[in-house]
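Residue numbers (my numbering), protein chains in the order written: chain Z, 1 to 531; chain W, 1001 to 1346; chain P, 2001 to 2283; chain B, 3001 to 3309.
Ideal placement from N, C-alpha and C gives every residue a C-beta, glycine not left out.
The structure presented is a predicted model; accordingly, all values stated were derived computationally and were not measured.
Here the structure comes first, spelled out in structure tokens, and everything after it is commentary.
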Amino acid sequence: MNLNMLKCLAFAAIVGFAGTAQAADSGGEFNFVAPYDGSILSLDPHKTSKQQDLLVTNNIFRSLYMWSAEHRKPMLELANLESVSDDGLTYTYKLHADMMFHNGRAMKASDIVYSYERMLSMKPVSPNAGHIQIIQGAKAFESGGADHVEGLSVLDDLRFSITLNDRVDPAYYFYRPGTAIVPQEAVEAAGDEFGLSPVGSGPFKFEEWVKGSEVKLSKFDNYFEAQKPYLDKLNFKILQEGSTRDIAFRANELDAILVEASQYPQYKADPSYSEHLVEVAEMFTRLISWNADYAPLSDKKVRQAISYAIDEDTINKKFLKGKAYNPVGWLPSTSEAFDANGKGFGYDVEKAKALMAEAGYADGFELEILGTANKSYGVGVAEVVGQYLSKIGITVTTQQLEGGILYDKLVAGDFQGIIWSFGSGVEPLKALKRWHSTTANDSGNYVKYNNPEYDALLDKAQNTNDEQKRVEYLQAADRIFADDAAVWLFNYNKAVLAVQPWVHGIEPVAIEIMYQDFADVWVDANSPRAK
Amino acid sequence: MMKSNIPNSTDLTCAIKVVDLHVDFATAGGVLPAVRGVSFELEQGETLAIVGESGSGKSVTALSIMQLIAKRTGRISSGEIVFDGQDLLQLDEHKLREMRGNAISMIFQEPMSSLNPLMKVGHQVGEVFRRHLKVDRAEAKRLSIEMLRKVGLSAPERRYNEFPHQISGGMRQRVMIAIALACRPQLLIADEPTTALDVTIQGQILDLIQDLKSENEMSVIIITHDLGVVAEIVDYVVVMYAGQVVETGYAREIFEQPRHPYTKALINAVPKLGLRTRTKQRTRLEEIVGTVPNLLALPAGCAFCERCDYAQEICSTSAPSMEVVGARRSVRCHFDLTKKDRHHER
Amino acid sequence: MMLKSIFAHKNLMFGGTIVVLVVLMAIAAPLLAPFDPVFDADLMNSEMPPGGEFLFGTDTNGRDVLSRVIHGARISLSVGLVTQILNTIIGVSLGLVAGYMGRFWDDLIMGLTNIMLSIPVIVFALAIMAALGPGLINLFIALGLTNWAYTCRITRAQVLSDKKKDYVKAAKSLGYSRASIMFTQIMPNILGPVLVIATLGSAEAILLEAALSFLGLGAQPPTPSWGGMLSSARDLLFVAPWLSIFPGIAIFVTVLGFNMLGDGLRDLLDPKSVGATKLGGVR
Amino acid sequence: MFAFIVRRLLQFIPTILGISLIMFLLLNLIPGNAALSSAGRLELAPEVVEQIKAELGLDKPIVQRYVQYITRLAQGDMGQSYLRRYDVSEVVFSRLGATLKLAFAAISIALLIGVPLGFFAALKQGTWMDMLLTVVAVGGVSIPQFWLGILLMYFFGFMLHLLPTSGYGNGSLANLVLPALTLGLGYTAMLARITRAAVIEVLTSDYVRTARAKGLSELAINVRHVFRNAFVLILTTAGLLFGSLIGQTVVVERLFSWPGIGSLVVEAIFQRDIPVAQGCLLVIIFVFLTVNLLVDILYRAINPQIDFE
């Protein structure tokens, strides 16, 4: 199968290249960025859940499944699925033959079992262990009650089976970069240092890590997909500062960068870059969570009035410079259950005032909104929201806090409004379940949303086998959630990568645009780093 | 205003002649005339004392001879300083440097701060030999040690390698003298050479200067505020007040019969004139009542008028000029003290 | 004489003029500023270039940059003033105690001073800001608690030298209490150097506010602080250069003014201190 | 001299202890859940959080934690990074080189440019050149550092394409230039001023007057008498400057993505990786103290007036 070639073609179409499949050039060096919060902490995928780390390990390691940009869902990567048991709980896989780790050893079924058991048995526990806990017996093993995970069994060298606790699609759990497969002997040889010199089975092998500066990878010649990867070298430069990144990219020191909202219009307007922007609605929904325990906000009319009073379209266009998609519900436009016909509240101050009057708050009230310093979903936005809400008499004060503190307040319910961004993918039912009344308030349903009608629709969706019905139920539930205005829906993030003209194969990855698979990326001869 | 009586002819016996020297300083408050028309003459082999309170311009006069006035703030605006047949003020910087430390040298008031704290004392002496005699390092060292011995330092070989902070104040001043006399200058200017020293040391230093003077056949200018200290060794005295010379004359005449009220006050301030008291506890110069006038705003009349016991009306309106009253003797006062009838004591 | 020499010091005049102008700007901010720096925001006016209604252009929120720069003077001045008052109070008090009480107290306070001198101010302030969270008041605390070591040292040194002087002995023999001697006799003598340090310290505090804003822990938005404005405009260098130019110049000129003023004050009050040629800004 | 160094090294101990106590308390006061951020993600099951807390020892009282920390520190163990899960010493020392390099380059720039400029200004004291240098020097320290950095980056990196805009490169010299300039400019200005003041003081000193009275040339006076004495005055301040420079790297390193200890400490504070933050601070302070000790030794070596007592 040549799935990746397909991906390239799909990408070429997206970014507007000629339809003829251009032959991929081999060789060259690629400078990419690691744009998030500073240093890379560990290259052991099991020991970190930071995007900054995983966007690198994603190219050193492979997971059982991997996210497919054009299918917008996880696809099998390392193995074929041989069978699924009738109860839908036991999956039997067979690894592709001749898959090598960077240390030259072929991957075996036992490596899968070792990797998953390692995540559960690590001290402290792996931050990614939650994905593995869907396997039968995982919890018992983690707590030391069993010496192996009951649901994992090796059938032969290449074949293994996984038995789950519930009927869920394992693809949505085992595609995570944090569940990558590691070679036991290399891990054991390195001990605690494995994260400093990782050995995986991905297209690139680890070369050098200049701490705090960059990670250098080089082509793995025995990568299982023929002819891939194309690039000889791949460097991830840690560049936290948007302005620094911007200047470095324009000085052609980088081959692709993550674009911030502030710079987005400039790239859009610049003909030399505008054709090479890779954009995607990432599966994150930005919102302000309203605390239903705060009297005015307990009234649905007030919450709706707020939604009517804020012109999110203008905020998205002006404040975020168009680097966002207007929301219609919880599920983002990249979700398979996205309601393309859905509509938001729109901007209607008169209606908002009327609702406020109906609710008995004609004179308004005071409202404190907490947020981080984040430019796209932090106090800056809350300030703008305050400007709008002042028109219906609500006096907004904002307070900037750090993520960790904000999260503590969110969990404790110690707030009136908090502006934040939550994951709203990948699996729509799982995403909507966040607001199910049975979800604990401190593990997702922070606004204590409780609507039996909504719960019922989700339960129906879970129990149906009819794919279309399922989507209908989900969309109906999402509409109810949006209409209840338990949160103010702000936008879905539009993630943007600016790419140099000589670069091919960068994809709009909806789970996190920085999770690029460089197995598919190549550069033209006119790249300054072509050879 | 009458000029000084000093003849203009170049006298071969004349060691240095200063004619109508004016020195100004730029200050935050305006131009300060520190020296206002100073003239005097020093004969070969003579010891001359310039006496006055601080601020009288005596040190500035001395520094002017060396042309060591800080160029940024001070300026010799007019005058002549004739030395060795040349007007020093007309010499270029190169010639001046040839002369400094060689034909004319100077020692300063503060022996501690006048020596480079980071340089061995021997090197500081040797520097002069290397500069003016163009000798090599070894020869400079030999000469320096010899010079240190000559100024009375014990164990000069050891002292050579010591730093200023390691030796006593008296020794430092001896080192300064060694530096000054290294090249056997014709003229030595000593600016308050003993003020910073203990009473016992003061005499030794003055004796040393006196001894070396006769040995080297040089002329000496001693700048001092304390007539008593130098009374025994000076031949000729120039008294300065507020930037001007107010009285000149041979030491004996001045001490016996001061003609200017200021000179008289200075002498009165010394308890036992003519007796250099080495061991006895000497009281400080008895202060003359009042303060030196502000040179930025000089009175119209005599500068000493305000403090003068004999002042008359004319003193506050008209500035007296220098009048010759004898051989190398002149005074700047409307009322010469020797003509008692013209005074009535207040 | 005093007045004359004030005029004779160009840096004092120049710095003083700037600082006075900034102070006037801060006082008259509501009169001078054409718009409200926080509430007159309209997204429709987002990022308008300078000219027309908005002389210095507008920011991303559509607020008038000129008005924000004018009001920013209040923030920056209060940062300079409040932090220096705190630093001076702490530094002088500890210095007096150390110098006057001696022994245990001296050792303790000088130990603490040495510790304070070895921790870079910005790192210390950063840690405090992280503990307290961003915001103007917290900024006052963070910068006001961390930069007193120089004042303390100088006060102590002055006390030690004054202690030997006659007037202090005289005051003691007249039966004045320790505390009253400390404050009434010694304070006037340390006023000069302390004033110099505080003036230069103001410059430093304004720059530190900018640096902390850059690190995300300055005065929090929508406070129109120059450092915050400059910091949030750094991504917009290509897009909206006016957003960084005006607050940047404001900081530069004000800090320059305080530095010149402090420099001039030192020439005037404390001309001999070569060692203390520090300037606000780098520490 | 040996005794002097040993005594000074011993004096490090109370300072470092004091700092570690202050910082330990302060860093542990920082709100935000260290266990959570150490897990690297926000949405975790509460029991997992408790488990991580226990494993990191965060459930113990703070005094006990401090005592444990200090005991281990005395044995040379700075603990483990909450986030990285390996030794703090490994984390910190892998970054120290870059910071020292940057600081050394910056102070070199400052010394090589600032000292001659200050000397020149002092010799030309009162002229327009002196005025200009003074204004430039005061201006140099009045620019917000990150702004200066962005402007330099923009002009030299982007407009002129002369130098890499940011990053460590492979430790290449070209990458060092811009961050070192950004960091060094303020110090250049500062050193120029210190030098000017010191030289002016020396120029008006009695011993320079003596040197003049000896008839020495200006060159000989400047080289043998002025510079050495001025340098002693400069040195004492330069040592303090170098120490403060290490602290100033926090801004420059972050801006230029320079992989030093300055960017690390900011990050660690933000991420609540307290052992790393603490480790960084201790190392920064150790460097500061060491540099000051070295300066002191040098000072004593140059200045015969002070013995190693």
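(1) For the 8 Å Cβ check, are there 3 or more pairs between the segment 249-261 of chain Z and the segment 509-527 of chain Z?
(2) Tell me where the beta strand (DSSP E) around P/Ile2190 begins and ends.
(3) If the cut is a Cβ gap below 8 Å, which residues of chain B does Z/Gln240 touch?
(4) Return helix, strand or coil for P/Ser2173, following the three-state DSSP convention.
(5) Let me know the beta strand (DSSP E) ranges lying completely inside the segment 444-530 of chain Z, each 3 residues or longer, listed in chain order.
(6) Mind checking P/Gly2051: buried by the 16 CB within 10 Å criterion, or exposed?
(7) Which residues of chain B have a Cβ atom closer than 9 Å to the Cβ of W/Ile1179, listed in chain order?
(8) Which residues of chain W have a Cβ atom closer than 8 Å to the Cβ of B/Tyr3207, listed in chain order?
(9) Considering just the uninterrupted stretch of the beta strand (DSSP E) at W/Leu1240, what are its terminal residues?
(10) With a 10 Å radius around its C-beta and 16 neighbouring C-beta atoms as the bar for buried, classify W/Ala1034 as buried or exposed.
(11) Compute every distance between the C-beta of Z/Tyr173 and the non-hydrogen atoms of the ligand FAD, then say whether any falls below 7 Å.
(12) Which of helix, strand or coil does DSSP assign to Z/Val349?
(13) Please confirm whether W/Thr1283 has its beta-carbon closer than 8 Å to some beta-carbon of chain B.
(14) Can you list the residues of chain B that Z/Lys123 reaches, using a CB-CB cut of under 8 Å?
(15) Alpha carbon to alpha carbon, what distance is there between W/Leu1298 and W/Asp1336?
(16) Going straight from the alpha carbon of Z/Gln304 to that of Z/Val411, what length do you get?
(17) Evaluate contact between the segment 113-121 of chain Z and the segment 145-160 of chain Z, counting only Cβ atoms and requiring at least three cross-stretch pairs below 8 Å.
(18) Go ahead and pull the three-state DSSP assignment for W/Thr1013.
(19) Start and end of the beta strand (DSSP E) containing W/Gln1244?
(20) Please state whether DSSP places Z/Thr395 in a helix, a strand or coil.
(21) So if DSSP puts Z/Met66 in a beta bridge, which residue, or which two residues, is it bridged to?
(22) With a cut-off of 8 Å on the beta carbons, I'd call Z/Gln416 and Z/Glu368 a contact; round off their distance for me.
(23) Measure the Cβ-Cβ separation of Z/Phe220 and Z/His102 and say whether it is below 8 Å.
(24) Spatial neighbours of Z/Asp87 within its chain, please: C-beta separation below 8 Å, excluding the five flanking residues on both sides.
(25) Along chain Z, which residues have their Cβ under 9 Å away from the Cβ of P/Thr2058?
(26) Within its chain, find whatever has a CB closer than 7 Å to the CB of Z/Gly28; leave out the 5 residues flanking it on each side and keep chain order.
(27) Indicate whether the contact test is met: 3 or more Cβ pairs, each with one atom in the segment 276-285 of chain Z and one in the segment 490-510 of chain Z, closer than 8 Å.
(28) Run the CB neighbour count on W/Thr1317, radius 10 Å, all protein chains shown included, and call it buried at 16 or more, exposed below.
(29) Going by DSSP in three states, W/Leu1021 sits in which element: helix, strand or coil?
(30) So that I know if they touch, is there some Cβ in chain B lying closer than 8 Å to that of P/Pro2120?
(31) Let me see if you follow: with CB-CB separation under 8 Å, is W/Met1218 close to chain B or not?
(32) Report, in whole angstroms, the separation of the C-beta atoms of Z/Ser333 and Z/Ala281, which I expect to be a contact under 8 Å.
(33) Contact criterion: CB-CB distance below 8 Å. Does P/Gly2111 meet it with respect to chain B?
(34) Going by DSSP in three states, P/Phe2238 sits in which element: helix, strand or coil?
(35) Please state whether the Cβ-Cβ distance between P/Phe2056 and P/Val2069 is less than 8 Å.
(36) Is Z/Asn316 buried or exposed, if buried means 16 or more other CB atoms sit within 10 Å of its CB?
So, from the listed chains and residues:
(1) yes
(2) Here the question's residue 2190 of chain P lines up with position 190 in the third sequence. No beta strand (DSSP E) holds P/Ile2190; the alpha helix (DSSP H) holding it covers 2187-2214.
(3) For the purposes of this step, residue 240 of chain Z is identified with residue 240 of the first sequence, where counting begins at 1. Simply Arg3254, Ser3257.
(4) One-based indexing of the third sequence puts residue 2173 of chain P at position 173. If DSSP states are grouped into helix, strand and coil, P/Ser2173 belongs with the helices.
(5) 487-499
(6) Here residue 2051 of chain P is taken as the residue at index 51 of the third sequence, counted from 1. By the 10 Å Cβ count, P/Gly2051 comes out exposed.
(7) By one-based count along the second sequence, residue 1179 of chain W stands at place 179. Going along chain B in sequence order, the residues near W/Ile1179 (Cβ under 9 Å) are Thr3210, Ala3213, Lys3214.
(8) On the fourth sequence, residue 3207 of chain B is found 207 positions in, with the first residue counted as 1. Those within 8 Å of B/Tyr3207 in chain W are Ser1113, Ser1114, Leu1115, Asn1116, Pro1117.
(9) The residue given as residue 1240 of chain W occupies position 240 in the second sequence. The sequence given here places Met at residue 1240 of chain W; Leu does not occur at that position. Per DSSP, W/Met1240 belongs to the beta strand (DSSP E) from 1236-1241.
(10) Counting from one through the second sequence, the residue named residue 1034 of chain W turns up at place 34. Answer is buried; the Cβ neighbour count reaches 16.
(11) With respect to small molecules bound, the structure shown includes none, and the ligand FAD cannot be examined in it.
(12) Numbered from its first residue, the first sequence carries residue 349 of chain Z at position 349. Helix.
(13) Stepping through the second sequence from its first residue, residue 1283 of chain W is reached at position 283. With a pLDDT of only 44 at W/Thr1283, under the threshold of 50, the placement of this residue in the model should not be trusted; the figure read from the coordinates follows. Closer than 8 Å: no.
(14) Counted from its first residue, the first sequence places residue 123 of chain Z at position 123. Residues of chain B passing the Cβ test: Glu3055.
(15) Residue mapping note: residue 1336 of chain W aligns to position 336 of the second sequence, counting from 1. Residue mapping note: residue 1298 of chain W aligns to position 298 of the second sequence, counting from 1. Going from the Cα of W/Asp1336 to the Cα of W/Leu1298 covers about 22 Å.
(16) The residue labelled residue 304 of chain Z in the question sits at position 304 within the first sequence. The residue labelled residue 411 of chain Z in the question sits at position 411 within the first sequence. Each residue's Cα considered, the two are about 24 Å apart.
(17) Yes, they touch.
(18) Locating residue 1013 of chain W in the second sequence gives position 13, where the first residue counts as 1. The three-state secondary structure of W/Thr1013, taken from DSSP, is coil.
(19) For the purposes of this step, residue 1244 of chain W is taken as the residue at position 244 of the second sequence. Segment 1244-1250, the beta strand (DSSP E) holding W/Gln1244.
(20) Stepping through the first sequence from its first residue, residue 395 of chain Z is reached at position 395. Three-state DSSP puts Z/Thr395 in a strand.
(21) Against the first sequence, residue 66 of chain Z aligns to sequence position 66. Looking at the DSSP assignment, Z/Met66 forms a beta bridge with Z/Met75.
(22) Here residue 416 of chain Z is taken as the residue at index 416 of the first sequence, counted from 1. Here residue 368 of chain Z is taken as the residue at index 368 of the first sequence, counted from 1. Sure, about 5 Å apart at Cβ, within 8 Å.
(23) For this step, residue 220 of chain Z is matched to residue 220 along the first sequence. For this step, residue 102 of chain Z is matched to residue 102 along the first sequence. At a Cβ-Cβ threshold of 8 Å, Z/Phe220 and Z/His102 count as neighbours.
(24) Working through the first sequence from its first residue, we reach residue 87 of chain Z at position 87. Once the five neighbours on either side are set aside, the close Cβ partners of Z/Asp87 are Arg167.
(25) Walking along the third sequence from the start, residue 2058 of chain P turns up at place 58. Correct list: empty, because the minimum Cβ distance to chain Z is about 11 Å.
(26) As a position in the first sequence, residue 28 of chain Z is number 28, starting the count at 1. Contacts found: Leu231, Asp232, Val523, Ser527, Arg529, Ala530, Lys531.
(27) yes
(28) Position 317 of the second sequence holds residue 1317 of chain W. By the neighbour-count criterion, in which a residue is buried when 16 or more other Cβ atoms sit within 10 angstroms of its Cβ, W/Thr1317 is exposed.
(29) Here residue 1021 of chain W corresponds to residue number 21 of the second sequence, with the count starting at 1. The DSSP-derived three-state label of W/Leu1021 is strand.
(30) Within the third sequence, the letter at position 120 stands for residue 2120 of chain P. Taking 8 Å as the CB threshold, P/Pro2120 lines the interface with chain B.
(31) Indexing the second sequence from 1 puts residue 1218 of chain W at position 218. Answer no: the Cβ-Cβ gap between W/Met1218 and chain B never drops below 8 Å.
(32) Here residue 333 of chain Z is taken as the residue at index 333 of the first sequence, counted from 1. Here residue 281 of chain Z is taken as the residue at index 281 of the first sequence, counted from 1. Z/Ser333 to Z/Ala281, Cβ: 5 Å. Contact.
(33) As a first step, residue 2111 of chain P is located in the third sequence; it is residue number 111 there, counting from the start. By this cut-off, P/Gly2111 is an interface position.
(34) As a first step, residue 2238 of chain P is located in the third sequence; it is residue number 238 there, counting from the start. Coil, per DSSP.
(35) One-based indexing of the third sequence puts residue 2056 of chain P at position 56. One-based indexing of the third sequence puts residue 2069 of chain P at position 69. Yes, they are a contact pair.
(36) Within the first sequence, the letter at position 316 stands for residue 316 of chain Z. Buried, because 16 or more other Cβ atoms sit within 10 Å of the Cβ of Z/Asn316.
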